[in-house]
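Peer 1: Per the working numbering, the sequence shown starts with residue 8, numbered consecutively.
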Amino acid sequence: MKKNQIAILLNTEINWIPSFLSTLFVAIFSGYATYGYPIHTVWQQWTYLLHTFAGISLSIIALPYIVIHFRRTLGLRRSIVLLSGILASIVFFCLLSSGLHIAIFGQQESLRWIYKLHIFASYLTILCVGLHLAAHRILLPLMRSQTELKWFPSILNTPYTSIALVMTVATILVLISTTLYTQTRTAYSDKPEIEPYQLPFGDHLFRPSQSETITGGFIDKEQIGSSEKCGACHSEISEEWKASMHAQAGSDKAYQTNINLLAKEKGIAATRYCEGCHAPVALLSGELSAGGSLKTSSHHYEGVSCMGCHGINKIVHLKGVASYQFAPASDYLFNNSVEWMASKINNYLIRINPAQHRSDMARSPIGSSKLCATCHSQYMDKETNGWGWVKMQDEYTAWLNSPFSGQSKDSFSRNKEQRCQDCHFPLVPSGDPSADKNGFTRSHRALGANTAIPWYNADYKQLALTTSFLQADKVRISIEEPNRVGAMRSNKPVAPDISTENDAPAYYYLGENVNLNVVVTNSQVGHNFPGGTTDINEVWLYLRVVDAQNRVVFESGHLTKDNSVDAEAYFYGTIPISKDGQQLWRHDLFNMIGDSFKKVISPGDSDITSHKFKIPSWVKSPLAVNAVLRYRKFNNRYARWSLQDDNIDLPIVDMARDSIDISVRIKHEVE
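(1) Counting along the chain, where does the alpha helix (DSSP H) carrying Thr689 start and finish?
(2) Opposite Arg214 in the DSSP bridges: which residues?
(3) If you scan the stretch 308-348 from start to end, which runs of the beta strand (DSSP E) of 3 or more residues do you find wholly inside it?
(4) Based on the DSSP secondary-structure assignment, which residues constitute the bridge partners of Arg637?
(5) Could you check where the beta strand (DSSP E) with Val397 kicks off and where it finishes?
(6) Which residue or residues does DSSP assign as beta-bridge partners of Leu434?
(7) Give me, in chain order, the residues of the same chain whose beta-carbon lies closer than 7 Å to that of Trp394; leave out the 5 immediate sequence neighbours on both sides.
(8) May I ask you to verify whether the stretch 477-484 touches the stretch 522-540, counting CB pairs closer than 8 Å and requiring at least 3?
(9) Excluding the 5 residues flanking Glu487 on each side, which residues of the same chain have their C-beta closer than 6 Å to its C-beta?
(10) In whole angstroms, what is the alpha-carbon distance linking Ser666 and Gln428?
(11) Quick check on the burial criterion: 16 or more other C-beta atoms within 10 angstroms. Buried or exposed for His565?
(12) Identify the continuous alpha helix (DSSP H) that holds Lys228 and give its terminal residues.
(13) Could you tell me the distance, in whole angstroms, from the CA atom of Gln414 to the CA atom of Leu407?
(14) Could you spell out where the alpha helix (DSSP H) holding Tyr645 opens and where it closes?
(15) If you compare alpha carbons, which of Ser218, Tyr188, Thr222 and Cys313 is closest to Gly238?
(16) Skipping 5 residues on each side, what residues in its chain have a beta carbon closer than 8 Å to that of Lys377?
(17) Given that a residue counts as buried once 16 or more other Cβ atoms are within 10 Å of its Cβ, and exposed if not, what is Gly298?
(18) Whole-angstrom Cβ separation of Pro440 and Glu116, contact assumed at under 8 Å?
(19) Please classify Tyr44 as buried or exposed, where buried requires at least 16 other C-beta atoms within 10 Å of its C-beta.
(20) Could you give the residue range of the beta strand (DSSP E) that holds Lys619?
(21) Can you give me the start and stop residues for the beta strand (DSSP E) that Tyr204 sits inside?
(22) Give me the residue from Glu575, Glu247, Leu548 and Asp612 with the minimum Cα distance to Ala663.
(23) Buried or exposed, going by whether 16 or more other CB atoms sit within 10 Å of the CB of Lys416?
(24) Can you list, in chain order, the residues of its chain whose CB lies under 6 Å from that of Arg151, leaving out five sequence neighbours each side?
(25) Report buried or exposed for Glu294, applying the criterion of at least 16 other Cβ atoms within 10 angstroms of its Cβ.
(26) For the stretch 127-143 against the stretch 457-468, are there 3 or more C-beta pairs whose distance is under 8 Å?
(27) Please go through the same chain and pick out, in chain order, the residues whose beta-carbon is closer than 7 Å to the beta-carbon of Glu155, but skip the five residues on each side of it.
(28) Measuring straight from C-alpha to C-alpha, what distance separates Ser296 and Lys351?
(29) May I have the straight-line CA-CA distance separating Lys198 from Glu390, to the nearest angstrom?
(30) Need the endpoints of the beta strand (DSSP E) that Gly274 sits in, please.
(31) Give the DSSP-derived three-state secondary structure of Lys605 in the structure shown.
(32) Return the CA-CA distance between Leu149 and Thr48, expressed in angstroms with no decimal places.
(33) In whole angstroms, what is the alpha-carbon distance linking Val328 and His383?
(34) Per the contact definition of three or more C-beta pairs closer than 8 Å, is the stretch 626-639 in contact with the stretch 541-561?
(35) Leaving out five residues before and five after Trp139 in sequence, what residues of the same chain have Cβ atoms less than 8 Å from its Cβ?
(36) Beta-carbon within less than 6 Å of Gln153's beta-carbon, same chain only, minus the 5 sequence neighbours each way: which residues are those?
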């Protein structure tokens, strides 16, 4: 290359240098300032935005500068200098491309390696550029011209005052932005939504709920509610949550009927007992006091909000009744702004710098079965029922005693602990930013046993998934074949060495009294079966025996004309009673003092039922015996009262079934 061409390229390069070095230094110092001081503060977030802007600008400026620099220096013919420059350029390209990916797509859990590459490439770039400059210094000979007696002419001719000015302006902008934002942002309220706020259950703000807050006071609704904001980034998870009973825990029509009954009988303050689990936004913001309403958005559109679970900082105790401590998440810039641009900046900051968000949303309780104990265990004491302490549902203790917990005597039957979350929040493929390296997130549908509300709301997808969940071989049923002493297939002897039958044949005689056993096994449910609201859920055994002409020989658990279950059926569940000995069929458990009936099956255990009937003389062999374990959420009486519809017929799920054929014989005297 001719000398005048080199001079032209040198001048061009010198013109690019101020812009290149200015953005480079801003990117370096802002990047290392946020990385070296990872405390979530207002100035750090503004600096992160500055770093992103500087990185994007640097990506635009760097390409022409590198091209000009290579064209100017390519003729120096020093292989080590050239190779070190190429290496520095490759590493620098990795730095810029990884930074651009983060700036455009944000940090994604499945692509955490890109962020790590960006950090590693930043250190490696400094090292490679230093090696490149050292190669220049050591290997290139002195130029003959006096003006060329400079090792790095393009750098040494740079007007550094402009670079210093850019750095100063950038620093001042961050300081001004931090100051203005800090002075103008609206503080969260620590006052109750309803004043004066009643304390009829003692000095504690939330009793009879066991909820606590990290501040000891009320929580602003914005800090625990507004779940729709989470959907801006987590759209798939948000849609799953909306279909779940967590989201509908407050708006569920049956629950609304019950909570209004409690408010009518004992006052709205008494509803705090339920609302800590069903509507924590309403409880912790101080809505539940005289003058408040149970028809606010906190009930109807939130239920158990996103922060209702992810905001749990500590488990207070394992007895339940909302026994958690709530701590708000750390704010990002413009966290509560409704302005379009401000909301975009807020979401963008979370995407490109999710470290604090990740820490807030993945607190230690969130992955523990103890988290579920805070609401899926329950007790009642004298201040609520006017009688005394009563233990109610306790799924956590049942799980703890099961083989699934890894802490029971039967744990040898399982390889590892299986948490509540592993069944009810299973891993599913997802394109969510929080998806793991294999592309999976936890489903937030929280599938369980509630088929009534999805059916009532015409959410047939949630209903179908819940039905499949119930039928996934979690409970099994089997009919025991009759075991007859001395039974024979014929009265003719058969040599044992040519017989292929080892079991005695199963058969009945006409006119014989039958005692047929059916076994129901809780094989895969991690807690007692049935669980949850066992007083209003309906689980029963349906047994039907017909002959070869399909004439009914015996039937138990059939439906009556009004779609109720045969009162003589074999049921699983509980019957709570009041202090007057009356059945609390309306689920008004605030009057409960105990159970008059309780039949559940522990995890891994079986229940054997006996069904007696007589074989009529008109039976045509063989008998077809069918046993079905049936489930309905809710029983008819409660459903029609709570859903305020006297004609409603809720869906029934057949959870498990078994069938056998049994021959019928005529008994001869010789037998």
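For glycine and all other residues, C-beta sits at the position ideal for the given N, C-alpha and C.
Peer 2: Here's the rundown:
(1) The chain is shown from 8 up to 678; residue 689 falls before or after that span and cannot be answered.
(2) According to DSSP, Arg214 bridges with nothing at all.
(3) 319-322 and 331-333
(4) Trp547 and Asp661
(5) Val397 to Asp401
(6) Arg449
(7) Lys586 and Ile600
(8) yes
(9) Asn524
(10) 34 Å
(11) exposed
(12) Lys228 to Ile231
(13) 7 Å
(14) Asn643 to Ser649
(15) Cys313
(16) Ile322, Leu325 and Tyr403
(17) exposed
(18) 7 Å
(19) exposed
(20) Ser613 to Lys621
(21) No beta strand (DSSP E) holds Tyr204; DSSP gives it neither H nor E.
(22) Leu548
(23) exposed
(24) Confidence at Arg151 is low in this model, with a pLDDT of 36, below 50, so its placement is unreliable and no value can be given for it.
(25) buried
(26) no
(27) Its pLDDT being 44, under 50, Glu155 is placed unreliably in this model, and the coordinates cannot settle the point.
(28) 36 Å
(29) 26 Å
(30) It is not in any beta strand (DSSP E) - Gly274 carries neither H nor E in the DSSP assignment.
(31) strand
(32) The predicted position of Leu149 is uncertain, since its pLDDT is 44 and thus under 50; no value can be drawn from it.
(33) 8 Å
(34) yes
(35) It is His, not Trp, that sits at residue 139 in the sequence shown. The residues are Val88, Ser91, Gly92, Leu94 and Ala95.
(36) Residue confidence for Gln153 is low, a pLDDT of 39 falling below 50, so the modelled location carries little weight and cannot support an answer.
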